[in-house]
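Numbering-wise, our numbering puts 19 at position 37 of the sequence shown, and it's gapless, one number per residue.
Beta carbons: idealized from backbone N, C-alpha and C, even for Gly.
Please read all numbers here as calculations on a predicted model, not as lab measurements.
Right, one structure below, let's go through it.
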Amino acid sequence: MTQPSYPVRTDRSRALAERMSAGMQERVLSFPLTAFTADGARIAEEPFRAHLSSRVAGDAAAVFIACGTGEFGALSEDEFRTAIGVAVDEVSDAVPVVAGVGYGWAQAQRFAAIAEEAGADAALVMPHYLVSAPQAGLAAHVRRISASTDLPLIIYQRGQADYAPETVRELSHLPNVVGLKDGRSNYPALQMTTLAVDDEFLFFNGALTAELQYRPYASIGITAYSSAVHAFVPEVANAFFRAARAGDDDTMDALLRTFYGPLVELRDEVRGYAVALVKAGARLRGQNVGPVRAPLSDPHDAHIRRLDEITRAGLALIGEEF
């Protein structure tokens, strides 16, 4: 493997990477929900503002807007513009605002342009649409997006977006590519990827319910992670993060047994629950975020009751009120 060398990144990209690197050592990366009206027809701007404010107050290192938890695939371009604009207005003074961009590269370029115009600090390049692709095609996809925007870019590796270590090394030399969010959990390949790039390149664990895989990611040097749980029960998310940073295995194990394990068991019973349960949990706790949009479906009553029990148990374990 080629020895890593230091790319010439833009000042904007270096500043964003430094800001995020510092924040990720102290707090979780938050993926807020997109709040909709009760009929799901429109973005509910004021509830969305309230949700964003509460997530930042809940000690987020950055907010990732209109990404997976934010139902990127269910938003029109106008709604995407609204979501990014509201987030920038509400929280950008406190934390970086990272916008999801995706589909094919042409659509991703449009979303990146909207995000940049709206004032986003960076963009998360979501997995491309539908098809499997060779490494040359994956690299060309990111290059097209990179060339169209000055936004710092973080690549999201998940599903069919499976980047080889050498491909990530190549892309890390683009002036505005600053990191990789990994959702594939292929630890041997990921370990080699971390060795292929410079030490300023950002990595974070982006697995579903990332806390459950904190330890294997940390074993290869990736301790930062995204937390969907932070969108509905930040107290538990922050308690786990603090325990992980302190090496408090007893607290981590207790939270895994009492909260995260049961949550993942429920999540895995129905496709799409990785988002739908989070949104239902936010509603249970008084956040007026509305329903999920098709093709997702809201949980049925029995699952809502189980989610309520799991959430209460997690909060009780750390001495917090529901």
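Test item: CB-CB of Ile96 and Phe62 under 8 Å: Working through the sequence shown from its first residue, we reach residue 96 at position 114. Working through the sequence shown from its first residue, we reach residue 62 at position 80. Yes, the Cβ-Cβ distance between Ile96 and Phe62 is below 8 Å.
C-alpha gap between Asp41 and Thr191, whole angstroms: Here residue 41 refers to the residue found at position 59 of the sequence shown. Here residue 191 refers to the residue found at position 209 of the sequence shown. Cα-Cα distance, rounded: 18 Å.
Distance cut-off 7 Å: Val150 Cβ against heavy atoms of the ligand SAM: Within the structure as shown, the ligand SAM is missing, as the structure has no ligands at all.
Minimum length 4: unbroken alpha helix (DSSP H) runs contained in the segment 170 to 201: 196 to 201
Whole-angstrom C-beta distance between Met2 and Pro78, which should lie under 8 Å: Locating residue 78 in the sequence shown gives position 96, counting from the first residue. Locating residue 2 in the sequence shown gives position 20, counting from the first residue. Indeed, because the Cβ distance is near 6 Å, the residues count as touching under 8 Å.
Closest residue to Phe18 among Ile292, Asn270, Ser279 and His285 (Cα-Cα distance): Start at 1 with the first residue of the sequence shown, and residue 18 comes out as number 36. The shortest C-alpha separation from Phe18 is found at Asn270.
Sub-8 Å separation of Phe13 and Ala213 beta-carbons: Within the sequence shown, residue 13 is the residue found at index 31, counting from 1. Within the sequence shown, residue 213 is the residue found at index 231, counting from 1. Going by C-beta atoms, Phe13 is nearer than 8 Å to Ala213.
Buried/exposed call for Ala298, threshold 16 Cβ in 10 Å: Your numbering for residue 298 matches position 316 in the sequence shown. So Ala298 counts as exposed.
Supposed contact pair Val218 and Gly296 - C-beta distance, whole angstroms, cut 8 Å: For the purposes of this step, residue 296 is identified with residue 314 of the sequence shown, where counting begins at 1. For the purposes of this step, residue 218 is identified with residue 236 of the sequence shown, where counting begins at 1. With 8 Å as the limit, Gly296 and Val218 qualify as a contact, their Cβ atoms being about 4 Å apart.
Cross-strand partners of Ala143 (DSSP beta bridge): The residue given as residue 143 occupies position 161 in the sequence shown. Ala143 is bridged to Arg140.
Simplified DSSP state of Ser36, which is helix, strand or coil: The residue labelled residue 36 in the question sits at position 54 within the sequence shown. Correct three-state label for Ser36: helix.
Cut-off 6 Å between Cβ atoms - residues of its own chain near Ala225, not counting five sequence neighbours on either side: In the sequence shown, the residue the question calls residue 225 occupies position 243. The answer, listed in chain order, is Thr233 and Met234.
Neighbourhood of Ala69 by C-beta distance below 7 Å, restricted to the same chain and skipping five residues each side: As a first step, residue 69 is located in the sequence shown; it is residue number 87 there, counting from the start. Cβ within range, chain order: Leu34, Val45, Ile47 and Val79.
Where the beta strand (DSSP E) through Ala221 begins and ends: Sequence index remark: in the sequence shown, residue 221 carries index 239 (1-based). Premise fails: Ala221 lies in the alpha helix (DSSP H), Pro216 to Ala228, not in any beta strand (DSSP E).
DSSP-derived helix/strand/coil call for Leu156: Residue mapping note: residue 156 aligns to position 174 of the sequence shown, counting from 1. In the structure shown, Leu156 sits in coil (DSSP, three-state: anything other than H, G, I, E or B).
Short Cβ contact (8 Å threshold) for Leu135 with Val150: Taking the first residue of the sequence shown as position 1, residue 135 is located at position 153. Taking the first residue of the sequence shown as position 1, residue 150 is located at position 168. Not a contact, by the Cβ cut-off of 8 Å.
Bounding residues of the alpha helix (DSSP H) (the contiguous stretch that carries Gly296): The residue you call residue 296 lines up with position 314 of the sequence shown. Gly296 -> alpha helix (DSSP H) spans Asp283 to Leu299.
Delimiting residues of the beta strand (DSSP E) encompassing Phe46: Along the sequence shown, one-based indexing puts residue 46 at 64. Ala42 to Ile47 is the extent of the beta strand (DSSP E) around Phe46.
C-beta atoms of Leu248 and Tyr255 nearer than 8 Å: Position 266 of the sequence shown, counted from the first residue, corresponds to residue 248. Position 273 of the sequence shown, counted from the first residue, corresponds to residue 255. Against a cut-off of 8 Å, the Cβ pair of Tyr255 and Leu248 comes out as a contact.
Sequence-distant residues of its chain with Cβ nearer than 8 Å to Leu184 (five each side left out): Translated into positions along the sequence shown, residue 184 becomes position 202. The answer, listed in chain order, is Ala(-1), Met2, Ser3, Met6, Ile136, Val160, Gly161, Leu162 and Ala206.
Exposure label - Pro109; buried when at least 16 CB within 10 Å: As a position in the sequence shown, residue 109 is number 127, starting the count at 1. Buried.
Beta carbon proximity, Arg275 to chain C, threshold 8 Å: In the structure shown, chain C cannot be found, because there is only a single protein chain.
Nonlocal neighbours in the same chain, by C-beta distance under 6 Å from His123, ignoring five residues either side: Taking the sequence shown and counting its residues from 1, the one referred to as residue 123 is at position 141. The answer, listed in chain order, is Trp87 and His110.
Inter-residue Cα distance where the pair is Glu8 and Ala43: The count along the sequence shown starts at 1 and reaches residue 8 at position 26. The count along the sequence shown starts at 1 and reaches residue 43 at position 61. Taking the straight line from one Cα to the other gives about 7 Å.
Whether Pro273 touches Asp283 by CB criterion (8 Å): By 1-based counting over the sequence shown, the position of residue 273 is 291. By 1-based counting over the sequence shown, the position of residue 283 is 301. Cβ distance not < 8 Å, so Pro273 and Asp283 don't count as in contact.
Same chain, Cβ closer than 6 Å to Glu193, neighbours up to 5 away in sequence not counted: As a first step, residue 193 is located in the sequence shown; it is residue number 211 there, counting from the start. If we look at Glu193 and ignore the five residues flanking it on each side, its Cβ neighbours are Phe222 and Tyr242.
Secondary structure of Asp164, DSSP reduced to three states: The sequence position of residue 164 within the sequence shown is 182, counting from 1. Strand, per DSSP.
Pairwise C-alpha distance: Ile292 and Gly84: Here residue 84 refers to the residue found at position 102 when the sequence shown is read from its first residue. Here residue 292 refers to the residue found at position 310 when the sequence shown is read from its first residue. The straight-line gap from Cα to Cα measures roughly 33 Å.
Tyr196 versus Gly67: straight-line alpha-carbon distance, rounded: As a working mapping, residue 196 is identified with position 214 in the sequence shown. As a working mapping, residue 67 is identified with position 85 in the sequence shown. Their backbone Cα atoms lie some 32 Å apart in a straight line.
Distance CB(Gly188)-CB(Arg140) smaller than 8 Å: As a working mapping, residue 188 is identified with position 206 in the sequence shown. As a working mapping, residue 140 is identified with position 158 in the sequence shown. Taking 8 Å as the Cβ cut-off, Gly188 and Arg140 qualify as a contacting pair.
Endpoints, beta strand (DSSP E) assigned at Gly82: Sequence index remark: in the sequence shown, residue 82 carries index 100 (1-based). Run containing Gly82: Val79 to Val83, per the beta strand (DSSP E) assignment.
Endpoints, beta strand (DSSP E) assigned at Ala210: Numbered from its first residue, the sequence shown carries residue 210 at position 228. Neither: Ala210 is in no beta strand (DSSP E) and is coded neither H nor E.
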